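K.L.:
Below: one structure in structure tokens.
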Amino acid sequence: MAKKKVIKRSWAEPFKIKVVEPIKMTTREYREKAAKKAGYNTFLLKSEDVYIDLLTDSGTNAMSDYQWAGMMIGDEAYAGSKNFYYLWDNVKKYYGMPYMVPTHQGRAAEHILSQILIKSGDYIPGNMYFTTTRLHQELAGGTFVDVIIDEAHQAQKEHPFKGNIDLQKLDDLIKKVGAKKIPYVSMAGPVNMAGGQPFSMANLKEVRKLTKKHGIKLYFDATRACENAYFIKVREKGYANKSIAQILKEMCSYFDGLWVSAKKDLMVNIGGFLATRSKKVFEAARNMVVVYEGLHTYGGLAGRDMEAMARGIEEMVDFDNIRARIGQVEYAGKRLAEFGVPFVKPVGGHAIFLDAKRFLPHIPQEEFPAQTLAAEIYIDSGVRGMERGIVSAGRDPKTGKNRHPKLELVRLTFPRRVYTQAHIDVMVESVASVYQDRKKIKGLKMIYEPKYLRFFQARFDRL
Ligand code: F0G
């Protein structure tokens, strides 16, 4: 009798498509002109000139019918909207934080928290910088100090938890500047700039122990916390049988507070919040939110937005949903590897990060290899990614000199529930084609540089 063939069983997305949005296909000649007009900066392209938009997973998600239905019951009262109370209830229930103020997006929460906790001359250790997070810490008079493990800066190094904090580095900083100069440790998970790399629960517990010993607060950039929870579930011993909701709650239990850009995990198009256990921080945040955002019961959002966020929290902890999301990124990584394309390993939760230093080794960092690569991929196929290298790293505020990050990357970010596997195949084949012809590619020079967060608006020309 013939041996029975083992059939591999695939998973698929736990949803189907109800509404579609047409996208434009353009010619190479058209995109060549569009790229030039945009100063070879993918942030300056018109979105209608983009075929597959992998610029960011921020606010680019497809909401569910449950979320859209919630939009219809938006309570647009100026004060005390019922959607605000529902959101607050869900923040208590899923993140375990008693206090919350809504903000129009994540950086607004970063602004408020930084202004409340940081004094001039303070130091804020964190597991690698994020652009807006560090800027708000600096604007409040603080200095960010990177205390992530060394492996996070090595694109090709495999490590299950590259987002971990190096306890020795943190301890050294505490000894050097003193605990009084460290208002809080800022811990993100997964770490965006490292390639979407998670921290482990074991590492978090150690960080909590050390900070507690010195009376230092611990705050969580929980923007993509469910992706971190997923990695803990599939990679860390003892968590395989726990639900995403249980792991999220345990993670949050070690923090004094957290902030969220709801434009990611919560699968909405706009929104954010700051949550804390401290009544004092909460009172201060409520005072600030009315100055910069809006009343403390809407924080720059419409009632309908808060309803969609509250419902998004319920959907984000669904295991099948998060597996399908990260599974799509893993699928792209597997296919890119078949073509020998260099990218950050292991693949992260929200994106593939192409390793531009290895992709274009003939282009020095001063000629912006990642900026160049993002432009070339767009010109090849209309796929839009973004630079995460020397342009994003910006200048040191004290010396005015360019920072030279070890990682020079192009991020291809996956919006949630938006693109099919066929879109991903088109992207992979385009990147592989650009890789084949890489030797012909020349670098860029910067011709316009804005003062803050220059990667958004800088302009370039071909060398
Ligand atoms: N923290 C992290 C880890 C982020 O990725 C972002 C935004 C923010 C905070 C700020 O939130 O945009 O709502 O103000 N990241 C986007 C991105 C912009 O493309 O990665 P925001």
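Using the working numbering, read the sequence shown as starting at -9 and increasing by one per residue. Positions of the beta carbon are idealized from the N, C-alpha and C atoms, including for glycine. Please read these numbers as outputs of a predicted model, since none were measured by experiment.
Tell me the DSSP secondary structure of Tyr288 in three-state form.
P.N.:
If you number the sequence shown from 1, residue 288 lands on position 298. Coil at Tyr288, not helix or strand.
K.L.:
DSSP three-state call for Leu256: helix, strand or coil?
P.N.:
On the sequence shown, position 266 is the one that residue 256 refers to. Of the three classes helix, strand and coil, the one that applies to Leu256 here is coil, per DSSP.
K.L.:
Under the DSSP definition of a beta bridge, which residues are partnered with Ile155?
P.N.:
As a first step, residue 155 is located in the sequence shown; it is residue number 165 there, counting from the start. Answer is Ile138, bridged to Ile155.
K.L.:
Can Gly390 be considered in contact with the ligand F0G, in the sense that its beta carbon sits closer than 7 Å to one or more heavy atoms?
P.N.:
Here residue 390 is taken as the residue at index 400 of the sequence shown, counted from 1. No, the beta carbon of Gly390 sits no closer than 7 Å to any heavy atom of the ligand F0G.
K.L.:
For Leu265, which residues does DSSP report across the bridge?
P.N.:
Working through the sequence shown from its first residue, we reach residue 265 at position 275. In the sequence as displayed, the identity of residue 265 is Ala instead of Leu. In the DSSP output, where bridge partners are listed per residue, Ala265 has Met90, Leu248.
K.L.:
Is the beta carbon of Thr32 within less than 7 Å of some heavy atom of the ligand F0G?
P.N.:
Translated into the one-based positions of the sequence shown, residue 32 becomes position 42. Thr32: no, Cβ never under 7 Å from the ligand F0G.
K.L.:
Between Gln95 and the ligand F0G, is the CB less than 7 Å from at least one heavy atom?
P.N.:
Here the question's residue 95 lines up with position 105 in the sequence shown. Indeed, a heavy atom of the ligand F0G lies less than 7 Å from the Cβ.
K.L.:
Mind checking whether the beta-carbon of Phe120 lies closer than 7 Å to any heavy atom of the ligand F0G?
P.N.:
Taking the first residue of the sequence shown as position 1, residue 120 is located at position 130. Phe120: yes, Cβ under 7 Å from the ligand F0G.
K.L.:
Three-state secondary structure (DSSP) at Ala178?
P.N.:
Counting from 1 along the sequence shown, the entry for residue 178 is found at position 188. Here Ala178 sits in strand by DSSP.
K.L.:
For a test of your reading of the model: does the CB of Lys152 fall under 7 Å from any non-hydrogen atom of the ligand F0G? Yes or no.
P.N.:
Walking along the sequence shown from the start, residue 152 turns up at place 162. The answer is no for Lys152.
K.L.:
Within 10 angstroms of the Cβ of Ile138, are there 16 or more other Cβ atoms? Answer buried if so, exposed if not.
P.N.:
Taking the sequence shown and counting its residues from 1, the one referred to as residue 138 is at position 148. Per the 10 Å Cβ criterion, buried.
K.L.:
Taking Tyr113 as the reference, give the member of Ile172, Leu350, Ser176, Lys165 with the closest Cα.
P.N.:
As a position in the sequence shown, residue 113 is number 123, starting the count at 1. The candidate whose alpha carbon is nearest that of Tyr113 is Ile172.
K.L.:
Considering only DSSP beta bridges, list what Val373 is partnered with.
P.N.:
Mapped onto the sequence shown, residue 373 falls at position 383. Note: Val373 sits in a beta bridge opposite Ile42.
K.L.:
Across which residues does DSSP place Gln127 in a beta bridge pair?
P.N.:
Along the sequence shown, read from residue 1 onward, the residue named residue 127 stands at position 137. Answer is none; Gln127 lacks a bridge partner.
K.L.:
According to the neighbour-count rule (16 or more other Cβ atoms, all chains shown, within 10 Å of its Cβ), is Leu279 buried or exposed?
P.N.:
Your numbering for residue 279 matches position 289 in the sequence shown. Residue 279 is actually Val in this sequence, not Leu. Counting Cβ neighbours within 10 Å, Val279 comes out buried, since at least 16 surround it.
K.L.:
In chain order, what residues of the same chain lie with their CB nearer than 6 Å to the CB of Phe309, ignoring the 5 residues before and after it?
P.N.:
Counted from its first residue, the sequence shown places residue 309 at position 319. Within the same chain, Phe309 has close Cβ partners Ile234.
K.L.:
From the DSSP output, read off the bridge partner residues of Pro115.
P.N.:
Taking the first residue of the sequence shown as position 1, residue 115 is located at position 125. Bridge partners of Pro115: Val135.
K.L.:
Using a Cβ-based criterion (distance less than 7 Å to any ligand heavy atom), does Asn193 qualify as near the ligand F0G?
P.N.:
Here the question's residue 193 lines up with position 203 in the sequence shown. Because no heavy atom of the ligand F0G lies under 7 Å away, the Cβ of Asn193 does not count as near it: no.
K.L.:
Using C-beta distances below 7 Å, list every residue in its chain close to Ser48, excluding the 5 sequence neighbours before and after it, in chain order.
P.N.:
Within the sequence shown, residue 48 is the residue found at index 58, counting from 1. The answer, listed in chain order, is Ser251, Lys253, Lys254.
K.L.:
Could you check how far apart the C-beta atoms of Met177 and Asn117 are, in whole angstroms? I think they sit under 8 Å.
P.N.:
Counting from 1 along the sequence shown, the entry for residue 177 is found at position 187. Counting from 1 along the sequence shown, the entry for residue 117 is found at position 127. Their Cβ separation, rounded to whole angstroms, is 6 Å, which keeps Met177 and Asn117 in contact under 8 Å.
K.L.:
Identify whether Asp345 lies in helix, strand or coil by the three-state DSSP scheme.
P.N.:
Indexing the sequence shown from 1 puts residue 345 at position 355. Asp345 falls in the strand class under three-state DSSP.
K.L.:
From the DSSP output, in three-state form, read off Gln187 for me.
P.N.:
Within the sequence shown, the letter at position 197 stands for residue 187. Gln187 falls in the strand class under three-state DSSP.
K.L.:
Just checking Asn80 against the ligand F0G - is the residue's beta carbon closer than 7 Å to any of the ligand's heavy atoms?
P.N.:
To locate residue 80, count along the sequence shown from 1; it is residue 90. For Asn80, the CB stays at least 7 Å from every heavy atom of the ligand F0G.
K.L.:
For the alpha helix (DSSP H) that contains Met62, what are its first and last residues?
P.N.:
The sequence position of residue 62 within the sequence shown is 72, counting from 1. Element bounds for Met62: n/a, residue is neither H nor E.
K.L.:
State buried or exposed for Ile303, treating a residue as buried only when at least 16 other CB atoms are found within 10 Å of its CB.
P.N.:
Within the sequence shown, numbered from 1, the residue matching residue 303 stands at position 313. So Ile303 counts as buried.
K.L.:
Could you give the distance in angstroms between the alpha-carbon of Val258 and the alpha-carbon of Ser54?
P.N.:
Indexing the sequence shown from 1 puts residue 258 at position 268. Indexing the sequence shown from 1 puts residue 54 at position 64. Spanning the two alpha carbons is a distance of roughly 9 Å.
K.L.:
Here's the rule: buried if 16 or more other CB atoms are within 10 angstroms of the residue's CB, otherwise exposed. What is Pro387?
P.N.:
Within the sequence shown, residue 387 is the residue found at index 397, counting from 1. With a threshold of 16 other beta carbon atoms within 10 Å, Pro387 falls short and is exposed.
K.L.:
Within 8 Å, do at least three Cβ pairs link the segment 393 to 408 to the segment 34 to 48?
P.N.:
They touch, by the three-pair rule.
K.L.:
At a cut-off of 7 Å, would you count Ala178 as near the ligand F0G, judging by its Cβ distance to the nearest heavy atom?
P.N.:
Locating residue 178 in the sequence shown gives position 188, counting from the first residue. Yes, the ligand F0G has a heavy atom inside 7 Å of this Cβ.
K.L.:
Could you check where the alpha helix (DSSP H) with Asp386 kicks off and where it finishes?
P.N.:
If you number the sequence shown from 1, residue 386 lands on position 396. That residue, Asp386, is in no alpha helix (DSSP H); it is neither H nor E in DSSP.
K.L.:
Can you tell me where the alpha helix (DSSP H) with Tyr438 in it begins and where it stops?
P.N.:
As a working mapping, residue 438 is identified with position 448 in the sequence shown. Looking at the DSSP string, Tyr438 is not in any alpha helix (DSSP H); the run it does join, the beta strand (DSSP E), is 434 to 438.
K.L.:
Could you tell me the distance, in whole angstroms, from the CA atom of Ala69 to the CA atom of Asp79?
P.N.:
Position 79 of the sequence shown, counted from the first residue, corresponds to residue 69. Position 89 of the sequence shown, counted from the first residue, corresponds to residue 79. Distance between Ala69 and Asp79, taken at the CA atoms: about 17 Å.
K.L.:
Distance check for Ile316 and Phe329, CA to CA, integer angstroms please.
P.N.:
For this step, residue 329 is matched to residue 339 along the sequence shown. For this step, residue 316 is matched to residue 326 along the sequence shown. Whole-angstrom Cα-Cα distance: 21 Å.
K.L.:
Per DSSP, which residues does Thr121 bridge with? Please list them.
P.N.:
Translated into the one-based positions of the sequence shown, residue 121 becomes position 131. Beta-bridge pairing links Thr121 to no other residue.
K.L.:
I need the DSSP call for Tyr75, collapsed to helix, strand or coil.
P.N.:
In the sequence shown, counting from the first residue as 1, residue 75 sits at position 85. Looking at Tyr75 - three-state DSSP - the assignment turns out to be helix.
K.L.:
Counting Cβ pairs closer than 8 Å, one from the segment 84 to 93 and one from the segment 269 to 289, do we hit at least three?
P.N.:
yes
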